[in-house]
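Number of protein chains: 2
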Amino acid sequence: MTAAPRSRDRRRRDTEHRLTHDIDTWVASASADGAPYLVPLSFDWDGESLLMATPTDSPTGRNLAATRTVRLGLGHTRDVSMIEGEVEVLGIDALPAAAGDRFAARTGFVPQALNFVRAGETPLRRPPRTAGSASPRAASRPGAR
Amino acid sequence: MTAAPRSRDRRRRDTEHRLTHDIDTWVASASADGAPYLVPLSFDWDGESLLMATPTDSPTGRNLAATRTVRLGLGHTRDVSMIEGEVEVLGIDALPAAAGDRFAARTGFVPQALNFVRAGETPLRRPPRTAGSASPRAASRPGAR
Chain A
26 MTAAPRSRDR RRRDTEHRLT HDIDTWVASA SADGAPYLVP LSFDWDGESL
76 LMATPTDSPT GRNLAATRTV RLGLGHTRDV SMIEGEVEVL GIDALPAAAG
126 DRFAARTGFV PQALNFVRAG ETPLRRPPRT AGSASPRAAS RPGAR
Chain B
26 MTAAPRSRDR RRRDTEHRLT HDIDTWVASA SADGAPYLVP LSFDWDGESL
76 LMATPTDSPT GRNLAATRTV RLGLGHTRDV SMIEGEVEVL GIDALPAAAG
126 DRFAARTGFV PQALNFVRAG ETPLRRPPRT AGSASPRAAS RPGAR
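Protein sequence lines correspond, in order, to chains A and B.
Okay, so the first sequence: first residue is 26 according to the numbering used here, each after it adds one.
Okay, so the second sequence: first residue is 26 according to the numbering used here, each after it adds one.
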């Protein structure tokens, strides 16, 4: 990777493009006592939050309900947008029908007996404020990850 | 995704191919109190474990040193091999020179002042024994994630 780091505005535009057009995201969660979990999930984006569906009793479902914290990776390892989010758990009965229809249209499946989780962007601890980006070799910069 | 699930043998072969040929993996870790972290890192594979490099004071470095547990995602969201691993932290001085050279040749960068972490495969809680696979829509199968 010899390309110069993207500007903050460019990173935000790239992230918004992925939120609008991508279908899958990597979902990292953790149990309350520090066991990491990782899985790809499909999502919908309503302009403010990502909507995902996962069984209540899956590792991801249990972790997100317990910690209400998620870290998402959009894109591929060399073109990444990372998002830290706070999680709201929605029972399937609490999901507005229009949001469910929109989710089904985007992801191509109609989840049944699943809980939905809504992950809103929260400020990252370092700039850029609401979305960062990383590439694997950035690991050579101490502190980068 | 209408393709049938891959057989266990096929999943293992796919995973071994990725371990041998891929350069980057998604690395999910967690703090001891349950804050998830996710980042892509380059790796080398010696046939038994993945070698990665990350700064000691990065979130990933701190998490792996504290919990010694990692979950890795190889491939893309629709063609995934997941690996749960136990982590060994190696100071850069503890890394055999040949392993460091091999890492640099594969990943294209020579880490300096980084710690290495070695993640060995451990049995998953469910079969397949040492590597699983998942696709986003598998979320519609309760318990799958």
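Backbone N, C-alpha and C fix where the C-beta goes; we use that ideal spot for every residue, glycine too.
In this text, all values refer to a predicted model and were calculated from it rather than measured experimentally.
Exercise for the section: Return the residue from the list A119(A), R127(A), G116(A) and L97(A) that minimises the CA-CA distance to E109(A). Expected result: Residue numbering aside, residue 109(A) sits at position 84 when the first sequence is read from its first letter. Of the listed residues, the one whose Cα sits closest to E109(A) is L97(A).
Exercise for the section: Decide yes or no for the touch test of the region 58-77 of chain A against the region 51-62 of chain B: beta carbon pairs closer than 8 Å, at least 3 of them. Expected result: yes
Practice task
Drop a sphere of 10 angstroms on the beta-carbon of V142(A), count the other beta-carbons inside from all chains shown, and report buried for 16 or more, exposed for fewer.
Solution key: What you label residue 142(A) is simply residue 117 of the first sequence in a count that begins at 1. Sixteen is the threshold: when 16 or more other Cβ atoms of the shown chains lie within 10 Å of the Cβ of V142(A), as they do, the residue is buried.
Problem - Nearest candidate by alpha-carbon position, reference L75(B), set G125(B), T81(B), L44(B) and H101(B) - result: Reading the second sequence from its first residue, position 50 is the one you call residue 75(B). Per the Cα distances, L44(B).
Problem - Neighbour-count burial assignment, R35(B), 16 or more Cβ in a 10 Å radius - result: Translated into the one-based positions of the second sequence, residue 35(B) becomes position 10. By the 10 Å Cβ count, R35(B) comes out exposed.
Exercise for the section: Run through the region 46-107 of chain B for me and flag every whole beta strand (DSSP E) of 3 or more residues, listed as ranges in chain order. Expected result: 49-55, 61-70, 74-79 and 94-101
Handout entry: Under 7 Å by beta carbon: chain B residues contacting D58(A)
Key = What you label residue 58(A) is simply residue 33 of the first sequence in a count that begins at 1. Neighbours of D58(A) on chain B, chain order: G59.
Practice task
Can you tell me which of T79(B), A78(B), E111(B) and D104(B) puts its alpha carbon nearest to the alpha carbon of T94(B)?
Solution key: Locating residue 94(B) in the second sequence gives position 69, counting from the first residue. T94(B) has its Cα closest to that of E111(B), out of T79(B), A78(B), E111(B) and D104(B).
Exercise for the section: Taking L63(B) as the query, report the chain A residues whose CB atoms sit under 8 Å from its CB, ordered along the chain. Expected result: Looking up residue 63(B) in the second sequence gives position 38. Chain A residues near L63(B): W51, A53, L63, R96, L97, G98 and M107.
Handout entry: Straight-line Cα distance separating R38(B) from H101(B)
Key = For the purposes of this step, residue 101(B) is identified with residue 76 of the second sequence, where counting begins at 1. For the purposes of this step, residue 38(B) is identified with residue 13 of the second sequence, where counting begins at 1. Using only the alpha carbons, I get a separation of about 16 Å.
Practice task
Just the C-alpha distance for S83(A) and S54(B), rounded to the nearest angstrom, thanks.
Solution key: Position 58 of the first sequence, counted from the start, is the residue given in the question as residue 83(A). Position 29 of the second sequence, counted from the start, is the residue given in the question as residue 54(B). Rounded to whole angstroms, S83(A) to S54(B) spans 18 Å at the Cα level.
Exercise for the section: State the Cα-Cα distance for the pair P148(A) and A119(A), rounded to the nearest angstrom. Expected result: Residue mapping note: residue 148(A) aligns to position 123 of the first sequence, counting from 1. Residue mapping note: residue 119(A) aligns to position 94 of the first sequence, counting from 1. With a pLDDT of 38 at P148(A), under the threshold of 50, the predicted position of this residue should be treated as unreliable, though the coordinate-derived value follows. Taking the straight line from one Cα to the other gives about 26 Å.
Practice task
Work out the CA separation of D69(A) and R127(A) for me, nearest whole Å.
Solution key: Within the first sequence, the letter at position 102 stands for residue 127(A). Within the first sequence, the letter at position 44 stands for residue 69(A). Roughly 7 Å between the two C-alpha positions.
Exercise for the section: Put G125(A) into one of helix, strand or coil per three-state DSSP. Expected result: Numbered from 1 along the first sequence, position 100 holds the residue referred to as residue 125(A). Three-state DSSP puts G125(A) in a helix.
Exercise for the section: Return the chain-ordered list of same chain residues with a C-beta closer than 6 Å to the C-beta of T135(B), the five sequence neighbours on each side being excluded. Expected result: For this step, residue 135(B) is matched to residue 110 along the second sequence. One point to set straight first is that residue 135(B) is Val, not Thr, in the sequence displayed. A129.
Exercise for the section: Work out the CA separation of G116(A) and M77(A) for me, nearest whole Å. Expected result: On the first sequence, residue 77(A) is found 52 positions in, with the first residue counted as 1. On the first sequence, residue 116(A) is found 91 positions in, with the first residue counted as 1. Rounded to whole angstroms, M77(A) to G116(A) spans 12 Å at the Cα level.
Practice task
Please classify L44(A): does DSSP put it in a helix, a strand, or coil?
Solution key: The count along the first sequence starts at 1 and reaches residue 44(A) at position 19. Correct three-state label for L44(A): helix.
Handout entry: Alpha-carbon spacing of D104(A) relative to V105(B), whole angstroms
Key = In the first sequence, the residue the question calls residue 104(A) occupies position 79. In the second sequence, the residue the question calls residue 105(B) occupies position 80. Going by the C-alpha atoms only, they are around 17 Å apart.
Problem - Cα-Cα separation between G125(A) and L89(A), rounded to whole angstroms - result: Here residue 125(A) corresponds to residue number 100 of the first sequence, with the count starting at 1. Here residue 89(A) corresponds to residue number 64 of the first sequence, with the count starting at 1. Between the alpha carbons of G125(A) and L89(A) lies a gap of roughly 20 Å.
Exercise for the section: Taking 8 Å as the cut-off, decide whether the C-beta atoms of D49(A) and L63(A) are in contact. Expected result: Taking the first residue of the first sequence as 1, we reach residue 49(A) at position 24. Taking the first residue of the first sequence as 1, we reach residue 63(A) at position 38. No; because the gap between Cβ atoms is not below 8 Å, this pair is not in contact.
Problem - Contact residues within the region 100-132 of chain A, judged by C-beta distance below 8 Å to chain B - result: Result list: H101, T102, R103, V105, M107 and T132.
Practice task
Pick out whichever of R87(A), R31(A) and M107(A) has its Cα sitting closest to the Cα of E113(A).
Solution key: Taking the first sequence and counting its residues from 1, one reaches residue 113(A) at position 88. The candidate whose alpha carbon is nearest that of E113(A) is R87(A).
Exercise for the section: Decide if P30(A) is buried, meaning its Cβ has at least 16 other Cβ atoms within 10 Å, or exposed. Expected result: The count along the first sequence starts at 1 and reaches residue 30(A) at position 5. Around the beta-carbon of P30(A), fewer than 16 other beta-carbon atoms lie within 10 Å, marking it exposed.
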